[in-house]
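What follows is a single structure, written as structure tokens, with notes after it.
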Amino acid sequence: TPNDPGFGQSWGLHNYGQSGGTVDEDMDAPEAWDITLGSSSIKVVVLDNGVQQDHPDINQLPGTDTTSETPGTSGGPVNSCDRHGTPVAGCISGVANNGIGGAGIAPGCIVLSARTFISTTNCSGSWTSAASWTVNSLAWGELNGARVSNNSNYYGFTSSSIADKYAQTKQNGMVHFASAGNNTTSSLSYPGSLPSVNAIAALNRNGGRASFSNYGPGLDFSAPGESIYTTDRTGSVGYASSDYTLVNGTSFASPYAAGVAALILSVNPLLSPGEVEQILMSTSVDKDAPGYDTNYGWGAVNAHNALESLASSVNGWMWY
48 TPNDPGFGQS
58 WGLHNYGQSG
68 GTVDEDMDAP
78 EAWDITLGSS
88 SIKVVVLDNG
98 VQQDHPDINQ
108 LPGTDTTSET
118 PGTSGGPVNS
128 CDRHGTPVAG
138 CISGVANNGI
148 GGAGIAPGCI
158 VLSARTFIST
168 TNCSGSWTSA
178 ASWTVNSLAW
188 GELNGARVSN
198 NSNYYGFTSS
208 SIADKYAQTK
218 QNGMVHFASA
228 GNNTTSSLSY
238 PGSLPSVNAI
248 AALNRNGGRA
258 SFSNYGPGLD
268 FSAPGESIYT
278 TDRTGSVGYA
288 SSDYTLVNGT
298 SFASPYAAGV
308 AALILSVNPL
318 LSPGEVEQIL
328 MSTSVDKDAP
338 GYDTNYGWGA
348 VNAHNALESL
358 ASSVNGWMWY
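The sequence shown begins at 48 in my numbering and counts up by one.
Rendered as structure tokens:
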């Protein structure tokens with residue numbers, strides 16, 4: 048159990064019934080961390096509106112900006128409404144055991160920020176983008192060694208170039224995750240609806256699907272996504288007045304699932320995206336009828352189950 052003071056609020060990592068939750072409806076993070084906190088060689092590219100580059104509680108390397116606004120710069124937020132990417136990144140690689148804030152599910156892994164969207168300045172959560180910016184962000188992530196991607200945004204358009212780039216980078220070794228959407232509908236948002244991308248629904252602290260979460264055919268997995276404690280932009284431009292915040296959305300379930308994939312690759316970096324997905328399928332906790340269903344996908348991702356499954360001997364060697 049880490050010494051981060053906000054860890055007790057992180058029911059998705061360790062649910063002991065806090066705030067009326069159901070005990071053990073979580074990803075079993077402390078149990079997984081007995082195996083690995085994640086490897087700094089495993090990088091997760093976050094396609095969003097920027098991750099605060101100097102946040103003291105996110106394990107990251109310098110990012111990039113693929114938008115037309117500040118192309119080629121560090122990947123941090125630009126306008127005061129660019130506040131979505133920082134809490135997303137904290138779900139993945141929030142630093143553990145540093146005595147501040149909370150922790151991400153894969154605190155030893157590295158986030159790379161690719162600023163792909165320009166937030167509208169009314170802070171409504173909407174943004175502008177171009178298909179080429181997503182393509183370029185995925186390409187930059189691949190060039191910089193990212194093995195996992197997360198895109199917690201849903202688009203008002205589809206694009207063959209985006210679909211092709213997701214498929215190509217998966218073929219080349221990157222496993223992809225995206226939010227299922229927050230419209231309470233039985234259809235997935237884009238790009239989570241792409242076959243090369245894992246769409247993630249949100250769970251509440253009692254293990255049920257969050258009331259706002261999308262679901263439906265093609266849903267892959269579920270993860271905690273309601274009342275999630277994570278990093279916020281520091282100062283007055285974040286969601287809260289402190290440097291941490293409580294957030295809701297499939298936007299935060301998706302990076303949790305992506306972080307579990309990063310832990311799997313930390314134990315065995317030789318796994319292909321398909322093999323990582325198969326491990327997630329076989330170790331997720333059923334939430335409905337046994338096996339796949341369109342309410343929860345293959346079930347709730349469980350970090351400890353996934354890492355334990357790698358403890359099999361292959362050619363006389365243990366994976367950890």
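Glycine included, every Cβ here is placed at the ideal spot set by N, Cα and C.
| Item | Value |
| --- | --- |
| Ile-147 - DSSP class collapsed to helix/strand/coil | coil |
| Beta-carbon proximity list for Val-142, same chain, < 6 Å, skipping 5 on both sides | Asp-104, Asn-106 and Pro-154 |
| Of the listed residues Ile-139, Ile-165, Gly-151 and Gly-146, nearest to Gly-123 (C-alpha basis) | Ile-165 |
| Three-pair Cβ contact test at 8 Å for the stretch 158-172 versus the stretch 223-233 | no |
| Every unbroken alpha helix (DSSP H) inside the stretch 180-225 [4 residues or more] | 207-218 |
| Contacts around Leu-108, its chain only, beta-carbon distance under 7 Å, and the 5 residues preceding and following it disregarded | Ile-157 and Leu-159 |
| Nearest-angstrom Cα separation, counted from Ala-177 out to Ile-209 | 10 Å |
| Residues near Gly-85 by beta carbon distance below 7 Å, same chain, minus five either side | Ala-153, Pro-154, Gly-155, Cys-156, Ala-309, Leu-310 and Ser-313 |
| Proximity to Ser-199 [Cα-Cα], best of Asn-183, Leu-235 and Ile-147 | Leu-235 |
| Rounded C-alpha distance that separates Met-365 from Leu-293 | Residue confidence is low: Met-365 scores 43 on pLDDT, short of 50, so the model does not pin down where it sits. No coordinate-derived value is stated. |
| Unbroken stretches of the beta strand (DSSP E), 3 residues or longer, contained in the stretch 113-174 | 157-162 |
| For Asn-126 and Glu-78, the rounded distance between their alpha carbons | 39 Å |
| Start and end residues, beta strand (DSSP E) containing Thr-330 | First-last for Thr-330: 320-330, but that is the alpha helix (DSSP H), not the beta strand (DSSP E). |
| Residues of its chain near Gly-149, where Cβ-Cβ distance is below 6 Å and the 5 sequence neighbours each way are ignored | Asp-51, Gly-53, Phe-54, Ser-57, Gly-141 and Tyr-276 |
| Other residues of its chain near Arg-252: CB distance less than 6 Å, five sequence neighbours each side excluded | Trp-58 and Gly-68 |
| Touch test, the stretch 176-193 against the stretch 283-293, Cβ-Cβ under 8 Å, three pairs minimum | no |
| Counted within 10 angstroms of its Cβ, other Cβ atoms place Arg-218 as buried (16 or more) or exposed | Per the sequence shown, the amino acid found at residue 218 is Gln instead of Arg. So Gln-218 ends up on the exposed side. |
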